[in-house]
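Below: the structure, in structure tokens.
There are 6 protein chains.
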Amino acid sequence: MPTGEFCHPPPLPPAPGAEEEEKWVWAQIKAEARRDAEAEPALASYMYSTILSHSSLERSLSFHLGNKLCSSTQLSTTLYDLFLNIFSTDSNLRSATVADLRAARFRDPACLSFSHCLLNYKGFLACQVSCSHSYEAFLYKKKAYRVAHKLWTQSRKPLALALQSRISDVFNVDIHPAATIGKGVLFDHATGVVVGETAVIGNNVSILHHVTLGGTGKSVGDRHPKIGDGVLIGAGATILGNVRIGDGAKIGAGSLVMKDVPPRTTAVGNPARLVGGKEQPRMHEDVPGESMDHTSFISEWSDYVI
Amino acid sequence: MPTGEFCHPPPLPPAPGAEEEEKWVWAQIKAEARRDAEAEPALASYMYSTILSHSSLERSLSFHLGNKLCSSTQLSTTLYDLFLNIFSTDSNLRSATVADLRAARFRDPACLSFSHCLLNYKGFLACQVSCSHSYEAFLYKKKAYRVAHKLWTQSRKPLALALQSRISDVFNVDIHPAATIGKGVLFDHATGVVVGETAVIGNNVSILHHVTLGGTGKSVGDRHPKIGDGVLIGAGATILGNVRIGDGAKIGAGSLVMKDVPPRTTAVGNPARLVGGKEQPRMHEDVPGESMDHTSFISEWSDYVI
Amino acid sequence: MPTGEFCHPPPLPPAPGAEEEEKWVWAQIKAEARRDAEAEPALASYMYSTILSHSSLERSLSFHLGNKLCSSTQLSTTLYDLFLNIFSTDSNLRSATVADLRAARFRDPACLSFSHCLLNYKGFLACQVSCSHSYEAFLYKKKAYRVAHKLWTQSRKPLALALQSRISDVFNVDIHPAATIGKGVLFDHATGVVVGETAVIGNNVSILHHVTLGGTGKSVGDRHPKIGDGVLIGAGATILGNVRIGDGAKIGAGSLVMKDVPPRTTAVGNPARLVGGKEQPRMHEDVPGESMDHTSFISEWSDYVI
Amino acid sequence: MPTGEFCHPPPLPPAPGAEEEEKWVWAQIKAEARRDAEAEPALASYMYSTILSHSSLERSLSFHLGNKLCSSTQLSTTLYDLFLNIFSTDSNLRSATVADLRAARFRDPACLSFSHCLLNYKGFLACQVSCSHSYEAFLYKKKAYRVAHKLWTQSRKPLALALQSRISDVFNVDIHPAATIGKGVLFDHATGVVVGETAVIGNNVSILHHVTLGGTGKSVGDRHPKIGDGVLIGAGATILGNVRIGDGAKIGAGSLVMKDVPPRTTAVGNPARLVGGKEQPRMHEDVPGESMDHTSFISEWSDYVI
Amino acid sequence: MPTGEFCHPPPLPPAPGAEEEEKWVWAQIKAEARRDAEAEPALASYMYSTILSHSSLERSLSFHLGNKLCSSTQLSTTLYDLFLNIFSTDSNLRSATVADLRAARFRDPACLSFSHCLLNYKGFLACQVSCSHSYEAFLYKKKAYRVAHKLWTQSRKPLALALQSRISDVFNVDIHPAATIGKGVLFDHATGVVVGETAVIGNNVSILHHVTLGGTGKSVGDRHPKIGDGVLIGAGATILGNVRIGDGAKIGAGSLVMKDVPPRTTAVGNPARLVGGKEQPRMHEDVPGESMDHTSFISEWSDYVI
Amino acid sequence: MPTGEFCHPPPLPPAPGAEEEEKWVWAQIKAEARRDAEAEPALASYMYSTILSHSSLERSLSFHLGNKLCSSTQLSTTLYDLFLNIFSTDSNLRSATVADLRAARFRDPACLSFSHCLLNYKGFLACQVSCSHSYEAFLYKKKAYRVAHKLWTQSRKPLALALQSRISDVFNVDIHPAATIGKGVLFDHATGVVVGETAVIGNNVSILHHVTLGGTGKSVGDRHPKIGDGVLIGAGATILGNVRIGDGAKIGAGSLVMKDVPPRTTAVGNPARLVGGKEQPRMHEDVPGESMDHTSFISEWSDYVI
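Residue numbers (the numbering used here), protein chains in the order written: chain S, 18 to 323; chain R, 18 to 323; chain B, 18 to 323; chain W, 18 to 323; chain H, 18 to 323; chain Y, 18 to 323.
Quick look at the structure:
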């Protein structure tokens, strides 16, 4: 979905640094929560316990995740403690969190506020727990980990896998803790997303529900897709194997992709073909992962059909 | 699935009015629950707490939804109170509930009883909470709201969005509270259904699991599909944009549709094409949303394939 | 995913009988759990409550399932009692459980240990509760039931349906309790799988997420697919109607299949076609349900596309 | 404890009627809760869920009692519904509740606010659920019941006894649902209080912890004490049998009483004797149940001891 | 309280053996629960989950205790399993349970039914978990253990102490697991009872609330009271040290006893004295632990006081 | 109870400083928990979640208290965070905790281990949350606060009162947060203890269950007892008013005290008298709060009685 007028109601702060931005977003979230708590008695207690009683974004997020993911055999207190410890000591993680909040807030026209994303977007919540180091880090070897990924690389694999399992139960998002995810990533609707062990997702990517970044089954090594910056992947698309989806490419809903897709092109269908043809594919100018334009070129391609 | 003999075991009451019908269905549900509680000790307590201890269908439904959707930060009592208040004061909502119970009971051969639907069909449960005003209302501007939709139009948007989020967590059905849903709608299996903000679903529609009624991303206004009366949408179909699916049309499983589909025709494939061709599409006589005939014409079309 | 070196770290016991194998697997699971509990304080309590405090695999599994599936109106103790009673008295069920554990452990390169599967694989957990008698039994009329199937055939249908509903809520796996499932079946990722009432799944089958084995809607009788031994079904594939997928066949991701598929062939696309053509389809030598080779032939077929 | 300056910080409204008083007290409670929620983040969610999200005192009280008394087999929603139904339809009960809130607020120097009593005083909470019709009603046969007593007289005895049991578990206050309790009664600290089936407690009585109003065991009929208006019973006192404690009498801590005690006298010791002697007991002027003067006369009597 | 007409409504079975009696009591309990479930919707679910869904008294009791005593770190399933295992394998324990049910049912005029005792009497519930071997066993060295006592003698002391702690939290009854308790014991009201490590309680004893059977503090060996058969101990009585309370003795409410009390005599006061004097104490004919006559002789003794 | 051989099984470390002692006690607790977890499968998960998964005594204690005191409206995570924050920043509190653990371990012959006290002694747990600054601090104006007391003095009174209320519900120990409690205090059994707002309890005091340190009701100022160092107060004793119980005094079980008691004397009875008489009371040599000798002198005094 596009970046319409609706998406930018609050004025953005002038060129903030990461820490300032985190503070600004947290202040927005508290203001939104306070407004909603006042207007809606049935939500007030929830707003206070989850947001307003906390002194920082990482405390609020750790509390919320602990309550969402706990079970009768994995207590909320234990999870809260775990998340808080990791978020508190890693400013890179917090900066990725802020970028993901902005991605949802400004790309999805149905997202009314930062707090709406923090509380309700299961794609956002799953992603915070799951694996990630920024795509740049992947390219340049400067790694910045998210929670489960961090646990994975610290050889706390059983814990990372237990968290993956809980996220799959609770949010139906199945991201392997060894996968690499950039900043500013939006998992929209998110139900049914599967991301394999050696997958890499760049910055500012948008991925719809039911998308699979799966393996070929041919090897145990590097066997999952590499998604470039600014890519948009439509609902139900399946990408299999160690293929490369170029920066700014667009993958149509329901597509099956098993080959590389060049940058700024559009692949559609099952099996997928490039819009405009393999030799001279149509190139687009915008960044689809940010503009969220799902249908340009694709509906042209299907014109002859219905 | 068709309306076979299996579907009509209990004799239907002679032309009941809405209130009589509600009473009749509720009496059926209590009788079924009593029979099951007696036959199955492991279910008896559940049958009593959820159905038999309540004095009306709306109390039973409010209790069941409150328990399904509650969490450690949103208590069952608060939700029960909220649902009961809305169902109690809106007979249109209750009549839509009854129509949806009948839809599951008489269209799905695997549905053995009304109580089975009330207790176990997550598509039914999600739909009761979610948005809806009847399609007629949409056409004729006489609106009849369901719970979350009602909250939305009362400007209790944060609460409506919080409920949408819980339904997405608990049932993996993601229906925007502003969407419009008719009466007698069956969401079969329901996992992974996504219905966008400006989507409209007519009366007597049947929608299988993994179906997406999504936006194009091109605008913030009216950007989601309009589904006519009696339409059947197969598993995994994706319909994008403000397109119109005509009354009585059938959309094949796994199809990608980005264009209007004429009434009583069948669209299949990714990208979708009309069976019989764009110019002279095959027209069917029955109402697929009610007959649940998933494969007529479609298997012909794929005949040449395997 | 293939059976690489990674898959066989612990030496296999020499030709064990069923009971010996069950003991051996249970001993492995306890050893793994003890190792993980020692290495990871945040998991130790969970490992003890779920595995290490139990005296047998069926007690551990019954406890774990009871805690996963319980709700405020269906208490864990009741479910534990129910599962334990069934598993304790049916050695065939336990032997199917062990075969399914081996399937996950040795086919999925992301599966690090038996305990990882027991605790975290929702496809495995859903399958244990759901229906099954071995495919052979189906062919030779010697039936061996799993939990919900067993309840179904004992005419405890309301309970079986209540369990199906909980599994659909908790794991988003919707398997009708009357369906028949063989041994050594792997549901990988599992989210969104739907298996209809009269479906049959053979031994050593692997099924990815979002796969539908659905009805045509044309009849109330035998109306769902029959899946042969050793079949591999890719993510998002939809198979509709009483069609036969031959032993060792492979169904590509996202395919729509409404016709029989011959043994050892590969069907791909929406609508599906046979790789190599209807007349002389390409035949493969391996057992795809075990080798987990998702892309052989399929990527060739799509070569001309991108 | 006496009615010191501390006890009257908010100005009292000029001679309110019962309904006005209820509104005034509820307004005080909401103002206190709002002040505390703002000052104390760790309590804010609790204050909102328990007080501030409710539209009336009976809703808040029903919610609070439902959450306090629920268990895994008796759900909070069921209890909430039960209490709300009873409090909503009986203004006499609500007026007794308001009188009890005033009793705690203005007699106990440790009671800082109405909301403190509503939330934290288990004697108050137990009493609201338990039996009561006003003492006047008892004398003049115009009965005004509280929750469990009301259930008792409606022949819902098993439910009344189940509530008595939960109150005894949760608050350790064991009041038989057939007992009769007046208005403005303060159970201070309350742990261990036992009140038998045929006991009667007048208006404006104060009873400390560990007090027993027990039977003689000699009969099944009227066999428990009758406590007059304005009586004060000290900690650990035991009163056995159908004896009459006269209006304004005082029973010393730890006393054992098995005989009638005349009005405005003081009984102390085990076995109890009247201060001043049986023939010319010392008479006091104040109302000890309101002044909370535990030691006047009693310490004189024990003067010769230490 | 005495055995009035009220106490024997259902006709007793003719001279039943232990097993027959257990069956008879269990049949009574199920009949009572069925009657109450039908009459009281708000209790039906509770009656079914706790009593009617179970196939035996020991299953019902184990379930009820598991739910009462569980916590977030000690799960109900674990406790249920533990209790069921012990009750199932020890018919002596079950026979003590039945005798205790009869004691409450026929001695306490406020006890309306066996199910009322099973569900609601915390003294009964605490006693089932706690220590016991019959007093005879104590005398004749043939020991018959209850749950915690059995754990204690099996050297599972930490578990026995953890259960003691939970019982003290939940029921406020603090019975050391090494204490010895006979059959047909009634703990009436039960709040605040404390029974020390080397205490012995005979058969058919009745003990009111707040009673302490404590140590002198002088030794670590045998340092707690020995209570004979048929003794009645009034509310709040404190008995300290390795003293012997003779068969059929009565201890008045609030008494402090630190010396032996002869059989069939009455001790009252703080410090306690014998009614009738040390030399020629009054002897009574009945068995006070069964007649529940709390005040005979005691009120005479205090006659001169008030 | 005395310090017998049983009480000192593990050798004490040579004159440790406070921090060393805390470490030593924590090491003991972990070793005990590890031993019990290995020996007792039914406790292992509990031992790991509550003790073994934590890195320090204050984390373990905060977790345990959070789980004990949480409710559906006050979440464990919030309480854990609160307690951990206070314990982490105040070494005086931790040193009082260690002294209290030692008091239980070495004075109560029924206390088998430090972990037994930490997990199971509700008097210990209640005391850690409740008020305290050391008695010395009280005398010399150097205050060292415990949790609720600390909250009180920080003007977080509503939170302190909410905790008091939860402790009263859960443990039936009712200690006003403004009360002052020394180090090395043992509340044995603890049920029913009430300690008023202006009470002061010295170091090395032992207090049995049902003890009341109450007010006279005559004033709102300093109106509760002051208990000297090393005092022993027997079960059910009631001490009322601003009276002073001298260092090393002993108060007999069930006594009612409303006057000062001189140091090293014994007061018994209702009303209390000094053993040996007011003029020349018997003086004892030991420290009764540490020797736990409940009956010396007292049984002599009652010699003439029975």
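C-beta: ideal position from N, C-alpha, C; glycine also. This structure is a prediction, so every number in the text was calculated from the model and none was measured.
Query raised in the report: Would you say Gly265(R) and Val202(R) are within 9 Å of each other, going by their C-beta atoms?
Result: Start at 1 with the first residue of the second sequence, and residue 265(R) comes out as number 248. Start at 1 with the first residue of the second sequence, and residue 202(R) comes out as number 185. The answer is no: Cβ separation not under 9 Å.
inquiry  = List, in chain order, every chain H residue whose beta-carbon is nearer than 8 Å to that of Ser93(B).
reply    = If you number the third sequence from 1, residue 93(B) lands on position 76. Result: Leu92, Ser93 and Thr94.
Short CB-CB distance (under 9 Å) between His166(H) and chain R
Numbered from 1 along the fifth sequence, position 149 holds the residue referred to as residue 166(H). Cβ-Cβ to chain R under 9 Å: no for His166(H).
When the Cα of Glu302(W) is compared with those of Glu317(W), Leu273(W), Lys267(W) and Gly231(W), which residue comes out closest?
Along the fourth sequence, read from residue 1 onward, the residue named residue 302(W) stands at position 285. Of Glu317(W), Leu273(W), Lys267(W) and Gly231(W), the residue nearest in Cα terms is Lys267(W).
Candidates Leu74(B), Leu273(B) and Thr67(B), of which the one nearest Lys85(B) by Cα: Position 68 of the third sequence holds residue 85(B). Comparing Cα positions, the closest option is Thr67(B).
Determine contact between the region 128–147 of chain Y and the region 251–259 of chain H, defined as no fewer than three beta-carbon pairs at a distance below 8 Å.
no
*At 3 residues or longer, and completely inside the region 193–239 of chain Y: list those beta strand (DSSP E) runs for me, N to C.*
229–231
**Message:** For Thr283(Y), report the span of its beta strand (DSSP E) as first-last.
**Reply:** Within the sixth sequence, residue 283(Y) is the residue found at index 266, counting from 1. Its beta strand (DSSP E) spans residues Thr283 to Val285.
Next on the checklist: Run through chain W and tell me which residues come within less than 7 Å of Thr255(Y), C-beta to C-beta.
Outcome noted: Here residue 255(Y) corresponds to residue number 238 of the sixth sequence, with the count starting at 1. Within chain W, the residues near Thr255(Y) are Ala252, Gly253, Ala270 and Gly271.
Measure from the C-beta of Asp310(R) to each C-beta in chain B and report whether the shortest distance is under 9 Å.
Translated into the one-based positions of the second sequence, residue 310(R) becomes position 293. Yes - at least one Cβ of chain B is within 9 Å of the one on Asp310(R).
_Beta-carbon proximity check, Pro242(Y) vs Val217(Y), cutoff 9 Å_ = For the purposes of this step, residue 242(Y) is taken as residue 225 along the sixth sequence, with counting starting at 1. For the purposes of this step, residue 217(Y) is taken as residue 200 along the sixth sequence, with counting starting at 1. Yes, these two residues count as a Cβ contact at 9 Å.
Chain W contacts from the region 181–211 of chain H (Cβ-Cβ distance under 7 Å)
Val187, Phe188, Asn189, His206, Thr208 and Gly209
**Asked** Which residues in the same chain have their Cβ closer than 6 Å to the Cβ of Phe314(H), if we skip the five residues on either side of it in sequence?
**Response** Mapped onto the fifth sequence, residue 314(H) falls at position 297. Cβ neighbours of Phe314(H) beyond the five flanking positions: Thr283, Val292 and Arg299.
Taking Cβ-Cβ distances below 8 Å as the criterion, which residues of the region 98–126 of chain Y are in contact with chain S?
Flagged, chain order: Asp98.
Ala50(W), buried or exposed, once every other Cβ within 10 Å from all chains shown has been counted against 16 = Position 33 of the fourth sequence, counted from the first residue, corresponds to residue 50(W). If you draw a 10 Å sphere on the C-beta of Ala50(W), you find 16 or more other C-beta atoms in it, and that means buried.
**Asked** Between the region 57–73 of chain R and chain H, which residues of the former have a C-beta closer than 7 Å to a C-beta of the latter?
**Response** Pro58, Ala59, Ala61, Ser62, Tyr65, Ser66, Leu69 and Ser70
Residue range of the beta strand (DSSP E) that Leu257(S) falls in? On the first sequence, position 240 is the one that residue 257(S) refers to. Per DSSP, Leu257(S) is one residue of the beta strand (DSSP E) stretching across Thr255 to Leu257.
task = Indicate the three-state DSSP secondary structure (helix, strand or coil) for Arg173(S) in the structure shown.
result = As a working mapping, residue 173(S) is identified with position 156 in the first sequence. Residue state, collapsed to three classes: coil.
Give me, in chain order, the residues of the same chain whose beta-carbon lies closer than 6 Å to that of Ser132(W); leave out the 5 immediate sequence neighbours on both sides.
Within the fourth sequence, the letter at position 115 stands for residue 132(W). Excluding residues within five positions, the ones whose Cβ falls inside 6 Å are Ile46, Glu49 and Ala50.
DSSP state of Leu92(S), grouped into three classes?
Here residue 92(S) refers to the residue found at position 75 of the first sequence. Coil.
Which value, in whole angstroms, describes the spacing of the CA atoms of Leu101(Y) and Arg52(S)?
Looking up residue 101(Y) in the sixth sequence gives position 84. Looking up residue 52(S) in the first sequence gives position 35. Going by the C-alpha atoms only, they are around 31 Å apart.
Looking only at C-alpha atoms, which of Ser223(H), Thr215(H), Val190(H) and Leu135(H) sits nearest to Glu75(H)? Residue 75(H) sits at position 58 when you count from the first residue of the fifth sequence. Closest by alpha carbon: Leu135(H).
Proximal chain W residues relative to Leu176(Y), where beta-carbon distance stays under 8 Å:
Translated into positions along the sixth sequence, residue 176(Y) becomes position 159. Here the neighbours are Glu57, Ala59 and Leu60.
For Met275(B), which residues of its own chain have a beta-carbon under 6 Å away from its beta-carbon, when the five flanking residues on both sides are left out?
In the third sequence, counting from the first residue as 1, residue 275(B) sits at position 258. Leu257 and Gly258, listed in sequence order.
ask   = What did DSSP end up calling Asp303(W) once you bin it into helix, strand or coil?
value = As a working note, residue 303(W) is residue 286 in the fourth sequence. In this structure, Asp303(W) counts as coil in the three-state DSSP scheme.
Please report whether the beta-carbon of Ile315(Y) lies at a distance below 9 Å from any beta-carbon of chain H. The residue given as residue 315(Y) occupies position 298 in the sixth sequence. Yes - at least one Cβ of chain H is within 9 Å of the one on Ile315(Y).
Margin query: Quick check on the DSSP output: what are the complete alpha helix (DSSP H) runs of length 4 or more inside the region 65–134 of chain W, in order along the chain?
Written below: 74–86, 93–105 and 108–124
- Query: For Ser72(W), is the classification buried or exposed, using 16 other Cβ atoms within 10 angstroms of its Cβ as the cut-off for buried?
  - Reply: By one-based count along the fourth sequence, residue 72(W) stands at place 55. Looking at its Cβ environment, which holds fewer than 16 other Cβ atoms inside 10 Å, Ser72(W) is exposed.
Notebook entry, point to check: Once you ignore the five residues that flank Ala35(Y) on each side, which residues in its own chain have a CB closer than 6 Å to its CB?
Noted result: What you label residue 35(Y) is simply residue 18 of the sixth sequence in a count that begins at 1. The answer, listed in chain order, is Ser112.
* **Residue-chain proximity (Gly10(R), chain W), Cβ-Cβ < 9 Å** => This structure gives no information on residue 10(R), because the portion of chain R shown stretches from 18 to 323.
Buried versus exposed call for Gly294(W) [16 or more other C-beta atoms within 10 Å across all chains shown]: To locate residue 294(W), count along the fourth sequence from 1; it is residue 277. Exposed, because fewer than 16 other Cβ atoms sit within 10 Å of the Cβ of Gly294(W).
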